[in-house]
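Counting from 30, one number per residue, gives the positions in the sequence shown under my numbering.
Ideal placement from N, C-alpha and C gives every residue a C-beta, glycine not left out.
Keep in mind the model is a prediction, meaning the values are calculated, not measured.
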Amino acid sequence: MRKIIYWVHASVDGFIDGPDGEFDWPVMGPELSAYSEGLDQHVDTLLYGRPVWQMMVGFWPDAEAVSQDPHTLAFAPFWRATPKVVFSRGYPGDEWTERVIRDDLLAQVTALKEQPGEDMLLTGGSGLAAALTDLGLVDEYHIAVHPVVLGGGRKLFADPKHRLNLRAAESRLLDGGVVVTSYQLR
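Right under this line is the structure:
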């Protein structure tokens, strides 16, 4: 069965964006980019909630035109080529969306996990991550904690319904002082 891997950047105080929704604080140095690319090698589907999707689709289709950052240059072709599933009740979809899931998360995501293929990567999106976690559908959590205090924003886990017991599988200190820890369910 395919796994869902939650890959997210967070601040030391546990937020995934700033008080005004800003996401200008993560720094993708060479080591962190390599870690991210390592996750991508085992993934054939990207999962997004609507807010993160709108940020991604506003940048990645033409990313090389606005940034020559090595991480951008490496990730943009992967992003364009990889099927994407967006979770939203009202989003109609677009040319970059393979599928929109509007309801019955448990049945639809379970069916996705049972399809043949590689793992699926859920990027950012604390609301979707919380919903899938509450349903027991997330298999691994990879959290990159950046050395910044944001003082507000969306929480890493948006209002979980119950306790989640995790086991730290690996932790690494990477360039820029970023600590990446991968967790699995206990």
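Which runs of the beta strand (DSSP E) fall wholly inside the region 38-94 and span at least 3 residues, in chain order?
72-78
Of the residues L164, K190 and T210, which one's Cα is nearest the Cα of V138?
Walking along the sequence shown from the start, residue 138 turns up at place 109. If you compare the alpha carbons of L164, K190 and T210 with that of V138, the shortest gap goes to L164.
On the three-state DSSP scale, how would you describe T152?
Start at 1 with the first residue of the sequence shown, and residue 152 comes out as number 123. Strand.
Taking the DSSP output, what are the residues bridged to T210?
Here residue 210 refers to the residue found at position 181 when the sequence shown is read from its first residue. Beta-bridge pairing links T210 to I172 and S200.
Evaluate contact between the region 135-151 and the region 180-197, counting only Cβ atoms and requiring at least three cross-stretch pairs below 8 Å.
no
Excluding the five sequence neighbours on either side, which residues of its own chain have a C-beta within less than 6 Å of the C-beta of V115, listed in chain order?
For the purposes of this step, residue 115 is taken as the residue at position 86 of the sequence shown. Around V115, the same chain offers Y77, W82, T126 and V129 as residues with beta carbons nearer than 6 Å, after the five sequence neighbours per side are excluded.
Could you tell me the distance, in whole angstroms, from the CA atom of G153 to the CA atom of S211?
Within the sequence shown, the letter at position 124 stands for residue 153. Within the sequence shown, the letter at position 182 stands for residue 211. One C-alpha to the other measures close to 15 Å.
Output yes or no for whether 9 Å exceeds the beta carbon distance between Y170 and Y64.
On the sequence shown, residue 170 is found 141 positions in, with the first residue counted as 1. On the sequence shown, residue 64 is found 35 positions in, with the first residue counted as 1. Contact: no.
Any idea which residues DSSP pairs V177 with across the strands?
Within the sequence shown, the letter at position 148 stands for residue 177. In DSSP, V177 forms no bridge with anything.
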